[in-house]
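The block underneath contains the structure these notes are about, expressed in structure tokens.
Number of protein chains: 2
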Amino acid sequence: MITTEAGSVGIVETQHFTFAASPDELDLECGLKLGPVTLAYETYGKMNADKSNCILICHALTGDAHAAGFHTPDDPKPGWWDNMIGPGKAFDTSKYFIICSNMIGGCKGSTGPGSTNPDTGKPYALNFPMVTIPDMVNAQKALIDHLGIKQLMCVVGGSMGGMLVLQWAMTYPEMMRMAIPIATSARLSPQAIAFDAVGRQAIMVDPNWNEGNYYGGPVPSSGLSIARMVGHITYLSDKSMHSKFGRNLQDKVTPDYDFVTEFQVESYLNHQGDTFVKRFDANSYLYITKAMDYFDLSQPSGELRKELSRVKSAFLVVSFSSDWLFPSYMSKEIVSALRRNNVDVSYAEIQSDYGHDAFLLEVEALSRLIESFLEYADPMNGHNDDY
Amino acid sequence: MITTEAGSVGIVETQHFTFAASPDELDLECGLKLGPVTLAYETYGKMNADKSNCILICHALTGDAHAAGFHTPDDPKPGWWDNMIGPGKAFDTSKYFIICSNMIGGCKGSTGPGSTNPDTGKPYALNFPMVTIPDMVNAQKALIDHLGIKQLMCVVGGSMGGMLVLQWAMTYPEMMRMAIPIATSARLSPQAIAFDAVGRQAIMVDPNWNEGNYYGGPVPSSGLSIARMVGHITYLSDKSMHSKFGRNLQDKVTPDYDFVTEFQVESYLNHQGDTFVKRFDANSYLYITKAMDYFDLSQPSGELRKELSRVKSAFLVVSFSSDWLFPSYMSKEIVSALRRNNVDVSYAEIQSDYGHDAFLLEVEALSRLIESFLEYADPMNGHNDDY
Chain P
1 MITTEAGSVG IVETQHFTFA ASPDELDLEC GLKLGPVTLA YETYGKMNAD
51 KSNCILICHA LTGDAHAAGF HTPDDPKPGW WDNMIGPGKA FDTSKYFIIC
101 SNMIGGCKGS TGPGSTNPDT GKPYALNFPM VTIPDMVNAQ KALIDHLGIK
151 QLMCVVGGSM GGMLVLQWAM TYPEMMRMAI PIATSARLSP QAIAFDAVGR
201 QAIMVDPNWN EGNYYGGPVP SSGLSIARMV GHITYLSDKS MHSKFGRNLQ
251 DKVTPDYDFV TEFQVESYLN HQGDTFVKRF DANSYLYITK AMDYFDLSQP
301 SGELRKELSR VKSAFLVVSF SSDWLFPSYM SKEIVSALRR NNVDVSYAEI
351 QSDYGHDAFL LEVEALSRLI ESFLEYADPM NGHNDDY
Chain D
388 MITTEAGSVG IVETQHFTFA ASPDELDLEC GLKLGPVTLA YETYGKMNAD
438 KSNCILICHA LTGDAHAAGF HTPDDPKPGW WDNMIGPGKA FDTSKYFIIC
488 SNMIGGCKGS TGPGSTNPDT GKPYALNFPM VTIPDMVNAQ KALIDHLGIK
538 QLMCVVGGSM GGMLVLQWAM TYPEMMRMAI PIATSARLSP QAIAFDAVGR
588 QAIMVDPNWN EGNYYGGPVP SSGLSIARMV GHITYLSDKS MHSKFGRNLQ
638 DKVTPDYDFV TEFQVESYLN HQGDTFVKRF DANSYLYITK AMDYFDLSQP
688 SGELRKELSR VKSAFLVVSF SSDWLFPSYM SKEIVSALRR NNVDVSYAEI
738 QSDYGHDAFL LEVEALSRLI ESFLEYADPM NGHNDDY
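One line per chain: the protein sequences are P and D, in this order. Quick note on my numbering: the first sequence kicks off at 1 and runs consecutively. Quick note on my numbering: the second sequence kicks off at 388 and runs consecutively.
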């Protein structure tokens, strides 16, 4: 509701950029081509004259381009990282030009399995080609070119967004000066692949899924809801669940001894599942989790240090102590590989009980780190070994 | 296949004990009654003259009474804890009389939702009353009485079996001299409740579930399979998944870029799900997970130490370093409460990468601990403060 509070970017609008219309389609890692390609994005703040103040924000699995501000004066909720983006905030829109780009494969205004297949005039569904993190980054590169930006000041993102940050630094080392991968990994762990596999299985056994052809009919909401419930367990920590729900029953003290939702934690998960199916496309969930599963920066050599040797940007790597989906050892693996390549890298493990969700919640600690990194570690302002 | 190897109890048979026929039904915690009640059980070794060498083994969520030996000469697999039970093994059948009892609510020969409801002549399905860990223990107590045993030498079990051990020590403190709860907790954590809730949800949205009325028709195998997949992730550790599967693809080196099972870890989980549905009843999965969710020994006072004050047996509490479903802090909570009650308690955290599954796999370390505990800590042989 509040659109004019101090620190808000105010009313914003999602924009769309379309490129790669046939025959100049986007080459994908799987060998297929995709086109036309639309990317949804938002921008906050102003580009400076030499276009040297541009920061690209990459969102997580189910995020979108709406990272800050409000879409309408009555909008009940701001963008997903609003507490980090705005005048005077970590991503200070009075200094920086912020771009938040959606990803291909998604369902938030960018080309994905729910988009119209130009060959058939119908939704792609499972005819949508498999897209990978490198493909998503290549599509974002086209958007950055379109905006006339030769070099990004920084690419930043948490969780899957952090994978895009790492991929950006690998694929386009000259196009960015700084990188902030948060709560992420250079390769998805088998445990995380396993959770993704369960979520996909739940969607694909839902009779409404119908081999992906449910557009225009009932959607596989039971399956998608279960996938989301599993996801949410991995986003919280054992400790945060203890303090948030404990073993409390929902709206009662003694149990009813039935199979209706009873513990508060069950009610929370059910609610998360129910609301998610209204805002996310099940096929996009399949495609994007698969892209995460395939992500492995240590390939093809199998040596992360070797693969990361082409990286040029200064790095701030951040992890959270209670994050068990992307535990700190995964960030340390990145840090160690970068350091052995003599990359300028700062690493911080933020003490937090919030689990993986901490990257959205530990605003104060994260803001302090990011503000000073953006201020003092920019190679354009002279390399600072002491940072 | 091998039935005569050293250390095997050989060919065994599951037995059945039926009690509580109407009107003397079993009183349940939910306020309802159950009867008649059948318990499946097996025994190994010989009861001594004064019946002082009897050990009760309680199995985990999906286990059964068949803990050791083979059912037929051609049986390809022995009982689930065969490496711990037999002549010369930790539970030495040349010294001890071992009883492994199934639980009510299950589907392995004991009364559960798939049993015939005497009021209707049809399977109970969801008319089966909710049963709790205390109810399961009360049913096992009837079996121990039936066997003419006045006092058990020891009650032992891992995971949910450990919950039964704790409940036994609380409800029947005079009826047992020793207790070995392994990889368990005095109350299920909200995180574990959350995983259970996801599994139940997956079963209950499966159209074949049909409000529980699927007996005689197609079973909710998709849902039960997903529940089992989720379960298996929690039984392994991040580290054991790394060493067992890594990020390896199944039967190939380069990905196919499709939604068919691809990573080895996915294939493993699918296999676990597929085989599980052939041996377990979905409604039993609902009832037994719910019993675990309700388990909280700290109630009604909310103080675990106070509730455990009636315990009399000597304890050996065991946890495993990489078990994140029942982490060591949960065992330490039990140990601390017992010590403050001046109970004779030994505690060991076994270093293991196997996660929760370690209670079935760390045979050597577990055997050493259990052998010496059974040998030296039995209060009947004089209390040994130095143990």
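Backbone N, C-alpha and C fix where the C-beta goes; we use that ideal spot for every residue, glycine too.
Next item on the list: Tell whether a beta-carbon distance below 9 Å holds between Ala-526/D and Ser-497/D.
Entry: yes
Check: Beta carbon of Ile-233/P: closer than 8 Å to some heavy atom of the ligand PLP?
Finding: With respect to small molecules bound, the structure shown includes none, and the ligand PLP cannot be examined in it.
Note to self: In whole angstroms, give me the CA-to-CA distance for Val-345/P and Gln-738/D.
What the structure shows: 34 Å
Notebook entry, point to check: Tyr-681/D CB to nearest chain P CB: under 9 Å?
Noted result: yes
Next item on the list: For Thr-425/D, write down the residues that DSSP places opposite it in a beta bridge.
Entry: Thr-405/D
Notebook entry, point to check: chain P beta carbons: is any one of them nearer than 9 Å to that of His-629/D?
Noted result: yes
Next item on the list: Tell me whether Val-647/D is buried or exposed, calling it buried when 16 or more other Cβ atoms sit within 10 Å of its Cβ.
Entry: exposed
Checklist line | Residues that Glu-653/D contacts on chain P, provided the C-beta gap is smaller than 8 Å | finding: Ile-193, Ala-194, Ala-197
Check: Nearest to Asp-74/P by CA position, among Gly-10/P, Asp-196/P, Thr-43/P, Val-37/P, is which residue?
Finding: Gly-10/P
Next item on the list: Could you pull out every residue in the same chain whose Cβ sits closer than 6 Å to the Cβ of Ser-754/D, ignoring the five residues on either side in sequence?
Entry: Ala-477
Item checked: Contact set between Ser-222/P and chain D, taken where Cβ atoms lie within less than 7 Å -> Val-592
Note to self: Quick check on Val-730/D: does DSSP put it in helix, strand or coil?
What the structure shows: coil
Note to self: Given this structure, state the Cα-to-Cα distance separating Val-363/P from Ser-94/P, to the nearest angstrom.
What the structure shows: 19 Å
Item checked: Delimiting residues of the beta strand (DSSP E) encompassing Ser-319/P -> 314-320
Notebook entry, point to check: By DSSP, does Tyr-176/P sit in helix, in strand, or in coil?
Noted result: The identity of residue 176/P in the sequence shown is Met, whereas the question assumes Tyr. If DSSP states are grouped into helix, strand and coil, Met-176/P belongs with the strands.
Check: Buried or exposed: where does Asn-102/P fall if 16 or more other Cβ atoms within 10 Å of its Cβ makes it buried?
Finding: buried
Item checked: Interface residues of the segment 598-625 of chain D facing chain P [CB-CB below 7 Å] -> Ser-609, Ile-613, Met-616, Val-617, Ile-620, Asp-625
Next item on the list: State the start and end residues of the unbroken beta strand (DSSP E) segment that holds Leu-56/P.
Entry: 54-58
Notebook entry, point to check: Within the 9 Å Cβ cut-off, does Asn-270/P reach chain D?
Noted result: yes
Check: Tell me which same chain residues have a C-beta within less than 6 Å of the C-beta of Met-717/D, skipping the five on either side of it?
Finding: Ser-572
Margin query: Between Lys-677/D and chain P, is any beta-carbon pair separated by less than 9 Å?
Written below: yes
Check: If you measure from the beta carbon of Thr-261/P to each beta carbon in chain D, is any gap under 9 Å?
Finding: yes
Checklist line | Contact under 9 Å by Cβ, Glu-429/D with Ala-447/D | finding: no
Notebook entry, point to check: Rounded to a whole number of angstroms, what is the C-alpha to C-alpha distance between Met-1/P and Gly-69/P?
Noted result: Any reading at Met-1/P must be qualified, since the residue scores a pLDDT of 41, below 50, and its modelled position is unreliable; no value is offered.
Margin query: Could you check whether Ala-202/P and Ile-331/D sit closer than 9 Å to each other, using their CB atoms as the reference points?
Written below: No information on residue 331/D is available, as it lies outside the stretch 388 to 774 that chain D covers here.
Check: Whose C-alpha, out of Asn-435/D, Gly-493/D, Cys-441/D, is nearest the C-alpha of Gln-538/D?
Finding: Cys-441/D
Notebook entry, point to check: How long is the line joining the alpha carbons of Ser-115/P and Phe-263/P, rounded to whole angstroms?
Noted result: 39 Å
Notebook entry, point to check: Is there a Cβ from chain P that is less than 9 Å from the Cβ of Pro-577/D?
Noted result: yes
Notebook entry, point to check: Does the distance from the C-beta atom of Met-176/P to that of Ser-313/P stay below 9 Å?
Noted result: yes
Notebook entry, point to check: Which one of Ser-706/D, Pro-594/D, Leu-725/D, Pro-474/D has the shortest CA to CA distance from Ser-609/D?
Noted result: Pro-594/D
Check: Would you report the Cα separation of Gly-217/P and Asn-210/P, rounded to the nearest angstrom?
Finding: 10 Å
Checklist line | Secondary structure of Ile-350/D, DSSP reduced to three states | finding: This structure cannot settle anything about residue 350/D, because the visible part of chain D is limited to 388 through 774.
Notebook entry, point to check: Which residues in the same chain as Ile-569/D place their Cβ atom closer than 6 Å to its Cβ, once the five residues preceding and following it in sequence are excluded?
Noted result: Gly-545, Gly-549, Val-705, Phe-746
Notebook entry, point to check: Going by the CB atoms, is the gap between Tyr-96/P and Leu-374/P shorter than 9 Å?
Noted result: yes
Next item on the list: Just grab the DSSP bridge partners of Val-198/P for me.
Entry: In the DSSP output, where bridge partners are listed per residue, Val-198/P has none listed.
Notebook entry, point to check: Tell me which same chain residues have a C-beta within less than 7 Å of the C-beta of Thr-234/P, skipping the five on either side of it?
Noted result: Phe-195, Leu-325, His-356
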